[in-house]
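**Q**
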């Protein structure tokens with residue numbers, strides 16, 4: 018038996034997914050800039066990696082599951098290095114568009130604060146295996162001591178095992194999305210067996226046994242003991258199962274603080290890609306808000322939350338696909354009542370078409386929340402070219418130990 022020849026390389030930088038990149042390019046997961054490593058070349062990847070000369074920023078991963086689990090990419094790096102890298106990634110995206118601005122210190126969510134997880138749950142001969150898939154692998158790694166998730170999610174693993182035991186096929190693992198709420202766990206299951214009478218009864222019993230707030234099975238509601246409410250300022254909202262939420266309450270609060278600061282003093286605000294009201298409802302404590310979102314169920318949840326809340330200003334809402342039909346300048350400046358500020362929180366693709374219309378509308382203040390520095394920088398260039406100042410950026414790391422970063426940015430029109 019012959020062993021594959023080992024290749025020695027030096028890591029030059031980290032790529033957007035957190036992998037080390039050496040000349041070639043060769044990609045080496047869980048390595049750091051400046052490290053000398055050796056490994057076996059497979060295409061553009063290095064496998065069977067050994068660290069020959071470690072970086073001063075290399076640390077012992079704090080989670081014992083890190084080596085096998087694919088949930089985190091950067092636990093081998095010191096917290097300060099990760100913070101600087103994420104901040105630097107956003108800065109480089111702006112520089113690529115010819116932009117610079119003030120960067121506030123990064124805000125990082127603590128460990129054990131992620132409020133949603135999608136577990137892979139596979140039925141086995143002896144019961145079930147629940148956890149996360151390994152990196153680029155179909156193997157499920159059990160994670161009873163995960164350092165990322167809210168402890169209430171870890172405590173839900175036996176529930177996911179029970180779901181797999183009664184409702185998974187042998188071939189396909191369940192995707193069990195569990196979200197914490199104000200009243201209990203909100204559970205959405207995908208890839209399960211077709212619902213029939215006996216399975217429905219077993220699921221109802223399981224829901225009672227584990228005291229779940231809501232259980233949805235492949236888009237069909239099994240039961241809702243209590244509405245799984247999320248708090249957005251003074252309002253309590255019951256989002257559709259599995260709909261978008263910020264990853265941590267801590268990160269959401271940091272983004273909201275930035276948005277409030279940017280829009281301070283505005284009496285009429287438009288919130289674009291509003292979701293279930295993450296920003297619109299807290300902003301309604303001091304301003305009238307018009308919320309626009311493409312998903313009808315999310316707008317309905319936002320509206321119901323506003324109607325039940327006390328002490329909020331008027332919130333109007335609209336279901337609209339902002340990619341196909343962006344808000345136009347005359348809608349932002351209707352006769353007699355214009356919007357003094359816009360909040361925009363688009364998905365990863367950004368909002369190029371909508372931002373072009375905002376630039377024409379000359380809205381005084383824009384708070385841009387983004388989960389993708391590259392599409393954000395592209396959109397920022399459009400606004401700056403239209404006369405806006407990019408005043409500052411606040412990076413928020415609520416995807417701890419991953420390659421992802423979010424941000425809030427302040428734009429104002431120089432008049």
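In my numbering, the protein residues as written are 18 to 432.
Built from N, CA and C at the ideal position, the CB exists for glycine as well.
1) Compute the distance between the beta-carbons of residue 415 and residue 271, then report whether it is under 9 Å.
2) If you run the structure through DSSP and keep just helix, strand and coil, what is residue 309?
3) Do residue 110 and residue 393 have their beta-carbon atoms positioned less than 9 Å apart in this structure?
4) With burial defined as no fewer than 16 other Cβ atoms inside 10 Å of the residue's Cβ, what is the status of residue 327: buried or exposed?
5) Taking 7 Å as the limit between beta carbons, can you name the residues of its chain near residue 265, skipping five residues before and five after?
6) Report buried or exposed for residue 291, applying the criterion of at least 16 other Cβ atoms within 10 angstroms of its Cβ.
7) Going by the CB atoms, is the gap between residue 368 and residue 289 shorter than 9 Å?
8) State yes or no: is the C-beta of residue 93 within less than 9 Å of the C-beta of residue 165?
9) Have a look at the DSSP bridge pairing and note the partners of residue 145.
10) Which one of 212, 249 and 229 has the shortest CA to CA distance from residue 237?
11) According to DSSP, what are the bridge partners of residue 344?
12) Checking the sheet assignment: what are the DSSP bridge partners for residue 134?
13) Starting from residue 278, trace the alpha helix (DSSP H) in both directions and tell me its first and last residue.
14) I'd like to confirm the pairing. Which residues does DSSP put opposite residue 241 in its beta bridges?
15) Between the Cα of residue 149 and the Cα atoms of 142, 140, 143 and 135, which residue gives the shortest distance?
16) What does DSSP give as the partner residue(s) for residue 207 in the beta ladder?
17) Thinking just about the alpha-carbon of each residue, which of 65, 137 and 301 is nearest to the one in residue 285?
18) Can you list, in chain order, the stretches of the beta strand (DSSP E) that have 3 or more residues and sit fully within the segment 320-388?
19) Tell me which same chain residues have a C-beta within less than 8 Å of the C-beta of residue 43, skipping the five on either side of it?
20) Can you list, in chain order, the residues of its chain whose CB lies under 7 Å from that of residue 373, leaving out five sequence neighbours each side?
**A** Taking the coordinates as given:
1) Translated into the one-based positions of the chain shown, residue 415 becomes position 398. Translated into the one-based positions of the chain shown, residue 271 becomes position 254. Yes, these two residues count as a Cβ contact at 9 Å.
2) The sequence position of residue 309 within the chain shown is 292, counting from 1. Residue state, collapsed to three classes: strand.
3) As a first step, residue 393 is located in the chain shown; it is residue number 376 there, counting from the start. As a first step, residue 110 is located in the chain shown; it is residue number 93 there, counting from the start. Result yes, Cβ atoms of residue 393 and residue 110 sit closer than 9 Å.
4) Counting from 1 along the chain shown, the entry for residue 327 is found at position 310. Exposed, since its Cβ has fewer than 16 Cβ neighbours within 10 Å.
5) Counting from one through the chain shown, the residue named residue 265 turns up at place 248. If we look at residue 265 and ignore the five residues flanking it on each side, its Cβ neighbours are 126, 130, 131, 132 and 415.
6) Looking up residue 291 in the chain shown gives position 274. Buried, by the Cβ-count rule.
7) The residue given as residue 289 occupies position 272 in the chain shown. The residue given as residue 368 occupies position 351 in the chain shown. Yes, Cβ-Cβ distance for residue 289 and residue 368 is below 9 Å.
8) To locate residue 93, count along the chain shown from 1; it is residue 76. To locate residue 165, count along the chain shown from 1; it is residue 148. Taking 9 Å as the cut-off, the beta carbon of residue 93 is found no closer than this to the beta carbon of residue 165.
9) Within the chain shown, numbered from 1, the residue matching residue 145 stands at position 128. For residue 145, the beta-bridge partners assigned by DSSP are 140.
10) As a first step, residue 237 must be located in the chain shown, where it is residue number 220. That would be 212, whose Cα lies nearest to the Cα of residue 237.
11) As a working mapping, residue 344 is identified with position 327 in the chain shown. Residue 344 pairs with nothing; no bridge assigned.
12) One-based indexing of the chain shown puts residue 134 at position 117. DSSP lists 195 as the beta-bridge partner residues of residue 134.
13) Counting from one through the chain shown, the residue named residue 278 turns up at place 261. Here the alpha helix (DSSP H) through residue 278 covers 266-280.
14) For this step, residue 241 is matched to residue 224 along the chain shown. DSSP output for residue 241 lists 231 as bridge partner(s).
15) For the purposes of this step, residue 149 is taken as residue 132 along the chain shown, with counting starting at 1. Here the closest residue by C-alpha is 135.
16) On the chain shown, residue 207 is found 190 positions in, with the first residue counted as 1. Partner(s): 192.
17) What you label residue 285 is simply residue 268 of the chain shown in a count that begins at 1. The candidate whose alpha carbon is nearest that of residue 285 is 301.
18) Runs found: 332-336, 358-361 and 382-387.
19) To locate residue 43, count along the chain shown from 1; it is residue 26. 24, 26, 58, 61, 62 and 63.
20) Here residue 373 refers to the residue found at position 356 of the chain shown. Taken in chain order, the residues that qualify are 399.
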